[in-house]
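Enquirer: Please find one structure pasted underneath; my questions will follow.
Protein chains: 2
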Amino acid sequence: MPSDPLESLVLENETKIVLLVLDGLGDLPDVERGGRTPLEAAHTPNLDAIAPRAALGRILPVAPGITPGSGPGHLALFGYDPVETQVGRGVLEALGAGIELQSGDVAARANFCTVDAAGTVTDRRAGRIATEVCERLVGRLQAKTARLEDVAIVLKAGKGHRFVAVLRGPGLGGDVSDADPHQEGKPIPPAHALAHAATADKTARIANAFLGAARRELARDHPANAVLMRGFSARPRLRTYVERFKLRAAAIAAYPMYRGVAELAGMDLRPVGEAPEDAFTEAANVWADHDFVFIHVKGTDMAGEEGNFDAKVATIEAVDLALPRLAALAPDVLCISGDHSTPVPVRGHSWHPVPVLVHAKFCGADGAERFHEKTARAGSLGTFASKDLMAVLLANARRLDKFGA
Amino acid sequence: MPSDPLESLVLENETKIVLLVLDGLGDLPDVERGGRTPLEAAHTPNLDAIAPRAALGRILPVAPGITPGSGPGHLALFGYDPVETQVGRGVLEALGAGIELQSGDVAARANFCTVDAAGTVTDRRAGRIATEVCERLVGRLQAKTARLEDVAIVLKAGKGHRFVAVLRGPGLGGDVSDADPHQEGKPIPPAHALAHAATADKTARIANAFLGAARRELARDHPANAVLMRGFSARPRLRTYVERFKLRAAAIAAYPMYRGVAELAGMDLRPVGEAPEDAFTEAANVWADHDFVFIHVKGTDMAGEEGNFDAKVATIEAVDLALPRLAALAPDVLCISGDHSTPVPVRGHSWHPVPVLVHAKFCGADGAERFHEKTARAGSLGTFASKDLMAVLLANARRLDKFGA
């Protein structure tokens with residue numbers, strides 16, 4: 001069902017929904033541990049108490065076989081079509097760096113590189129300079145080039161040679177080519193407009209002026225004597241949770257990237273520490289003023305990326321241990337799932353479906369003994385697109401009207 | 001996911017994929033055999049050794065309830081949307097007859113019929129003449145009408161009264177009406193252009209000239225004294241496996257129809273005998289120069305069409321017996337499935353989902369004891385569209401980049 005018909009069915013209600021996202025939750029059976037997944041191996045008495053009374057299933061973030069990045073993974077969970085609603089690399093990078101983007105901002109990924117006297121790029125990563133060097137250089141560029149024409153330049157250092165550049169001012173647009181040869185042995189191409197639009201022209205002009213200023217400023221900073229920029233993108237204007245779902249939503253997350261995507265959906269942002277109990281305590285704090293609380297737990301994904309089975313189990317157990325705090329709020333709908341799978345053996349995001357649990361008055365009790373990848377496979381929710389999860393949650397919250405007479 | 005985003009994620013890799021298609025594999029439980037399907041009843045020790053370590057699931061060739069022909073069934077397996085990518089009847093018939101279609105060729109299904117002195121069709125099947133008679137008459141027509149204007153006419157006899165006609169020359173198109181009244185008691189309507197296009201006009205003109213010439217040649221050959229033509233269609237230009245997936249693909253098939261569809265996808269064609277061991281030996285021959293090997297086994301479908309449970313079991317067992325030869329190639333991804341179901345009790349193609357097995361390093365071991373319709377139902381791959389199978393295979397072959405940051 002397209003998003004518009006869904007929106008037309010949304011009702012007001014007093015009910016409250018919790019979406020608890022264990023990042024990269026889904027995993028694969030480990031043959032050396034009796035074919036168990038981390039979720040299966042974890043000791044989760046509190047989750048086990050909910051599981052039999054819940055409906056289980058699996059969600060596909062984008063499509064079969066497609067491995068999502070964190071952006072599409074969360075956009076889908078939030079009910080946006082992750083293919084139609086593409087958020088540019090620069091915007092995601094800026095959100096991940098904790099820059100609060102404003103409407104109309106254009107963000108780009110940037111990094112230091114090495115050019116020779118002829119202007120040819122000899123090292124696209126500037127010898128992989130240390131993060132401290134990057135921070136110092138970014139500080140100098142920021143001081144020197146805070147504004148070009150009527151556009152403010154906002155820079156933020158990342159890891160190693162990487163940083164983020166945000167252009168903030170009137171009349172900018174994201175349709176601009178990369179100022180990056182994408183290989184060594186070539187000069188840096190100037191950014192140029194990819195569309196016949198004054199906004200793209202202006203953005204390219206400002207970007208090129210910034211690159212020129214950076215080149216002059218860095219002339220004696222070999223190997224970091226020039227800058228590349230790519231992934232220019234404008235902060236998209238998404239319809240918000242209030243507009244779409246009549247939900248006052250809060251996002252509780254330790255990492256800026258996830259708060260950033262939530263901010264695109266119009267959620268109130270609540271930075272917290274990484275411990276699940278802190279996140280759940282914050283949920284109690286926002287409870288009175290919100291109808292929807294998104295809580296992000298990063299540890300499961302990090303453990304998966306590191307190929308650390310035990311660390312993934314430990315994160316799941318820490319969530320379980322703190323779960324009574326969340327359950328004490330008595331949400332009308334409690335949903336536990338992930339934005340994608342990050343299986344320990346893969347050591348990265350993957351394409352495998354993600355287990356999902358929904359507990360609500362009318363969810364239907366599947367009677368599964370526990371919640372994990374295998375029980376989810378046989379669950380009453382079936383396997384469906386992540387972008388449709390919000391409809392399931394709204395339905396369980398009795399916030400959707402009948403479709404048709 | 002639309003095909004373009006998928007293509008944009010395709011990576012180069014050294015991995016190799018085998019797609020083993022047992023035509024019409026899916027079946028229904030036979031109550032007289034303890035509710036077992038042929039795949040369940042077959043003795044398959046080699047498949048049984050792979051099954052627990054594989055991911056199982058089911059694929060839907062077109063949509064729930066839709067019974068596919070062999071063309072759509074294979075196009076979907078090959079990753080083309082079988083509804084958007086329609087290949088005309090004439091083209092499928094020509095490919096099935098083993099005619100190597102060239103770009104720009106227009107093909108039509110043709111057959112002999114009987115007309116009376118007034119030109120009224122009295123028998124659309126010319127008294128169902130014998131195949132030998134058809135071959136002789138087609139030979140005469142071919143000798144008499146090898147060329148019309150600058151268009152070569154290529155004919156190939158089929159079974160009974162049927163044959164295939166291919167028009168090969170510049171400026172032809174498939175948008176042409178049938179020269180077939182579709183019922184008896186009416187005259188043969190001349191072919192006419194269905195679009196305002198010079199290509200359609202020319203094709204209709206050539207087709208009508210051919211029909212006229214055939215009528216004169218066959219005047220004394222009652223009951224086969226005229227020809228009908230229908231399903232005019234141009235060989236479509238599909239984006240090939242190299243273009244879409246960066247895969248050098250080979251198609252190993254005994255029957256021309258399946259090589260024909262594979263040829264549309266740009267696969268290298270390898271005709272072989274019907275024995276699975278011959279097909280698997282040929283896979284070894286093409287192994288070094290290809291990244292993707294499609295192997296087609298026809299026996300399962302033929303047995304299903306005949307309603308012969310034991311013959312279907314025997315074909316499955318023959319595949320299993322030869323399987324070590326294929327496994328010895330150690331493909332990075334081994335997929336076993338079918339283009340559609342041809343259940344023994346149905347005695348024809350059907351709409352039932354088709355079991356699929358995927359074995360790869362990160363497929364996830366479902367731990368199923370065996371591979372058949374029932375274990376597939378509970379498999380981790382779930383039930384998904386056949387057209388998405390290629391994405392799953394590419395993902396398992398580590399040939400897909402992450403979608404979004």
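Residue numbers (the working numbering), protein chains in the order written: chain A, 1 to 405; chain U, 1 to 405.
Just so it is clear, CB atoms sit at the ideal spot from N, CA and C, and this is done for glycine as well.
All figures in this text were calculated on a predicted structure; none of them were measured in a lab.
Val392 (chain U) versus chain A: which residues are under 8 Å apart at the beta carbon?
Expert: Position 392 of the second sequence, counting from 1, holds the residue named residue 392 (chain U). Correct list: Pro64, Gly65 and Trp351.
Enquirer: Please state the DSSP three-state secondary structure of Ile17 (chain A).
Expert: As a position in the first sequence, residue 17 (chain A) is number 17, starting the count at 1. It is a strand residue.
Enquirer: With DSSP collapsed to three states, give me the class of Asn396 (chain A).
Expert: Taking the first residue of the first sequence as position 1, residue 396 (chain A) is located at position 396. It is helical.
Enquirer: Could you tell me which residues DSSP pairs with Asp30 (chain A) in its beta bridges?
Expert: The residue you call residue 30 (chain A) lines up with position 30 of the first sequence. The partner list for Asp30 (chain A) (beta bridge, DSSP) reads A:Arg36.
Enquirer: What's the C-alpha gap between Pro45 (chain A) and Asp320 (chain A)?
Expert: On the first sequence, residue 45 (chain A) is found 45 positions in, with the first residue counted as 1. On the first sequence, residue 320 (chain A) is found 320 positions in, with the first residue counted as 1. Rounded to whole angstroms, Pro45 (chain A) to Asp320 (chain A) spans 7 Å at the Cα level.
Enquirer: Using a 10 Å radius around the Cβ and a threshold of 16 neighbouring Cβ atoms, would you call Lys202 (chain U) buried or exposed?
Expert: As a working mapping, residue 202 (chain U) is identified with position 202 in the second sequence. Under this definition Lys202 (chain U) is a buried residue.
Enquirer: When you check each C-beta in the region 35-56 of chain A against every C-beta of chain U, which residues fall closer than 7 Å?
Expert: Of all residues in the region 35-56 of chain A, Gly35 have a Cβ within less than 7 Å of some Cβ in chain U.
Enquirer: What in chain U is Cβ-close to Arg58 (chain A), meaning under 8 Å?
Expert: Against the first sequence, residue 58 (chain A) aligns to sequence position 58. Chain U residues near Arg58 (chain A): Gly382.
Enquirer: List, in order along the chain, the chain U residues whose C-beta lies closer than 8 Å to that of Gln413 (chain A)?
Expert: Because chain A is modelled from 1 through 405, residue 413 (chain A) falls outside the range shown and cannot be assessed.
Enquirer: Starting from the N-terminal side, write out each stretch of the beta strand (DSSP E) that is 3 residues or longer and does not extend beyond the region 268-316 of chain U.
Expert: DSSP runs (the beta strand (DSSP E)) wholly in the region 268-316 of chain U: 268-271 and 292-297.
Enquirer: Is there a C-beta anywhere in chain A that falls below 7 Å from the one on Asp291 (chain U)?
Expert: Here residue 291 (chain U) is taken as the residue at index 291 of the second sequence, counted from 1. Output row for Asp291 (chain U): interface = no.
Enquirer: Any chance the region 187-198 of chain A sits against the region 71-91 of chain A, with 3 or more Cβ pairs inside 8 Å?
Expert: The answer is no - the region 71-91 of chain A does not touch the region 187-198 of chain A, with fewer than three Cβ pairs under 8 Å.
Enquirer: Tell me whether Asp401 (chain A) is buried or exposed, calling it buried when 16 or more other Cβ atoms sit within 10 Å of its Cβ.
Expert: The residue given as residue 401 (chain A) occupies position 401 in the first sequence. The residue in question, Asp401 (chain A), is exposed, as its Cβ has fewer than 16 Cβ neighbours within 10 Å.
Enquirer: For Pro5 (chain U), return the contacting residues in chain A, with the cut-off set at a CB-CB distance below 7 Å.
Expert: Here residue 5 (chain U) is taken as the residue at index 5 of the second sequence, counted from 1. Near Pro5 (chain U) (Cβ distances below 7 Å), the residues of chain A are Val83.
Enquirer: Under 7 Å, CB to CB, which of the residues in the region 336-368 of chain U have a partner in chain A?
Expert: Listed by position along the chain: Phe362, Gly364, Ala365 and Gly367.
Enquirer: With DSSP run on the structure shown, which of helix, strand or coil describes Pro2 (chain U)?
Expert: Here residue 2 (chain U) refers to the residue found at position 2 when the second sequence is read from its first residue. Interpretation of Pro2 (chain U) is limited by its pLDDT of 49, a score under 50 that renders its predicted location unreliable; no figure is taken from the coordinates.
Enquirer: Less than 7 Å between the C-beta atoms of Leu172 (chain A) and Ala165 (chain A), yes or no?
Expert: As a first step, residue 172 (chain A) is located in the first sequence; it is residue number 172 there, counting from the start. As a first step, residue 165 (chain A) is located in the first sequence; it is residue number 165 there, counting from the start. No, these two residues do not count as a Cβ contact at 7 Å.
Enquirer: Under 8 Å: do the region 69-85 of chain A and the region 256-267 of chain A share three or more Cβ pairs, one atom per stretch?
Expert: Yes, since at least three Cβ pairs between the region 69-85 of chain A and the region 256-267 of chain A fall closer than 8 Å, the two stretches touch.
Enquirer: Given Asp123 (chain U), which residues of its chain have a CB within under 7 Å of its CB, disregarding the five upstream and five downstream residues?
Expert: For the purposes of this step, residue 123 (chain U) is taken as the residue at position 123 of the second sequence. Within the same chain, Asp123 (chain U) has close Cβ partners Cys113, Thr114, Glu184 and Pro223.
Enquirer: What is the rounded straight-line gap between the Cα of Arg136 (chain A) and the Cα of Val121 (chain A)?
Expert: Position 136 of the first sequence, counting from 1, holds the residue named residue 136 (chain A). Position 121 of the first sequence, counting from 1, holds the residue named residue 121 (chain A). Looking at the two C-alpha atoms, the distance is approximately 22 Å.
Enquirer: Could you give the residue range of the beta strand (DSSP E) that holds Ile206 (chain U)?
Expert: Within the second sequence, residue 206 (chain U) is the residue found at index 206, counting from 1. Element bounds for Ile206 (chain U): not the beta strand (DSSP E) but the alpha helix (DSSP H), Ala198 to Glu217.
Enquirer: Should the region 55-63 of chain U be called in touch with the region 359-369 of chain U, which here means at least 3 C-beta pairs below 8 Å?
Expert: Result yes; three or more Cβ-Cβ pairs closer than 8 Å.
Enquirer: Report the residue from U:Arg377, U:His161 and U:Leu334 whose alpha carbon sits nearest the alpha carbon of Val392 (chain U).
Expert: As a working mapping, residue 392 (chain U) is identified with position 392 in the second sequence. Per the Cα distances, U:Leu334.
Enquirer: For the structure I just gave you, are there three or more beta carbon pairs, one from the region 336-354 of chain U and one from the region 338-352 of chain A, closer than 8 Å?
Expert: Counting Cβ pairs under 8 Å, fewer than three are found: no touch.
Enquirer: Since I believe Gly231 (chain U) is in contact with Gly90 (chain U) (beta carbons under 8 Å), could you give me their beta-carbon distance rounded to a whole number of angstroms?
Expert: Locating residue 90 (chain U) in the second sequence gives position 90, counting from the first residue. Locating residue 231 (chain U) in the second sequence gives position 231, counting from the first residue. With a Cβ gap of about 4 Å, Gly90 (chain U) and Gly231 (chain U) count as contacting.
Enquirer: Whose Cβ in chain A lies nearer than 8 Å to the Cβ of Ala378 (chain U)?
Expert: The residue given as residue 378 (chain U) occupies position 378 in the second sequence. The contacting residues are Arg377 and Ala378.
Enquirer: With a CB to CB cut of under 6 Å and the five nearest residues on each side skipped, what residues in its chain are close to Val18 (chain U)?
Expert: Within the second sequence, numbered from 1, the residue matching residue 18 (chain U) stands at position 18. Once the five neighbours on either side are set aside, the close Cβ partners of Val18 (chain U) are Val293, Pro331 and Leu334.
Enquirer: Nearest to Glu12 (chain U) by CA position, among U:Phe403, U:Ala117, U:Gly404 and U:Arg399, is which residue?
Expert: Here residue 12 (chain U) is taken as the residue at index 12 of the second sequence, counted from 1. Ranking U:Phe403, U:Ala117, U:Gly404 and U:Arg399 by Cα distance to Glu12 (chain U) puts U:Arg399 first.
Enquirer: Are Ala265 (chain U) and Phe78 (chain U) closer than 7 Å when you measure CB to CB?
Expert: Position 265 of the second sequence, counted from the start, is the residue given in the question as residue 265 (chain U). Position 78 of the second sequence, counted from the start, is the residue given in the question as residue 78 (chain U). Taking 7 Å as the Cβ cut-off, Ala265 (chain U) and Phe78 (chain U) qualify as a contacting pair.
Enquirer: Roughly how far, in whole angstroms, is the beta-carbon of Asp23 (chain A) from the beta-carbon of Asp339 (chain A), given that I think they are within contact range, below 8 Å?
Expert: Residue 23 (chain A) sits at position 23 when you count from the first residue of the first sequence. Residue 339 (chain A) sits at position 339 when you count from the first residue of the first sequence. With 8 Å as the limit, Asp23 (chain A) and Asp339 (chain A) qualify as a contact, their Cβ atoms being about 6 Å apart.
Enquirer: From the DSSP output, which residues share a beta bridge with Leu141 (chain A)?
Expert: Mapped onto the first sequence, residue 141 (chain A) falls at position 141. In DSSP, Leu141 (chain A) forms no bridge with anything.
Enquirer: Is it right to say Val297 (chain U) is buried, meaning 16 or more other beta carbons lie within 10 angstroms of its own, or is it exposed?
Expert: Walking along the second sequence from the start, residue 297 (chain U) turns up at place 297. Val297 (chain U) should be labelled buried.
Enquirer: Verify the CB distance criterion: does Pro68 (chain A) have a CB-CB separation below 7 Å to chain U?
Expert: By one-based count along the first sequence, residue 68 (chain A) stands at place 68. Pro68 (chain A) counts as touching chain U.
Enquirer: Comparing alpha-carbon positions, which option in U:Thr131, U:Ser233, U:Gly273 and U:Gln142 lies nearest Gly160 (chain U)?
Expert: On the second sequence, position 160 is the one that residue 160 (chain U) refers to. Gly160 (chain U) has its Cα closest to that of U:Thr131, out of U:Thr131, U:Ser233, U:Gly273 and U:Gln142.
Enquirer: Three or more C-beta pairs closer than 8 Å, one from the region 297-309 of chain A and one from the region 322-330 of chain A: is that the case here?
Expert: No: the two stretches stay apart, fewer than three of their Cβ pairs being nearer than 8 Å.
Enquirer: Of all the CB atoms in chain A, is at least one closer than 7 Å to the CB of Phe403 (chain U)?
Expert: For the purposes of this step, residue 403 (chain U) is taken as the residue at position 403 of the second sequence. Yes, Phe403 (chain U) counts as interfacial toward chain A.
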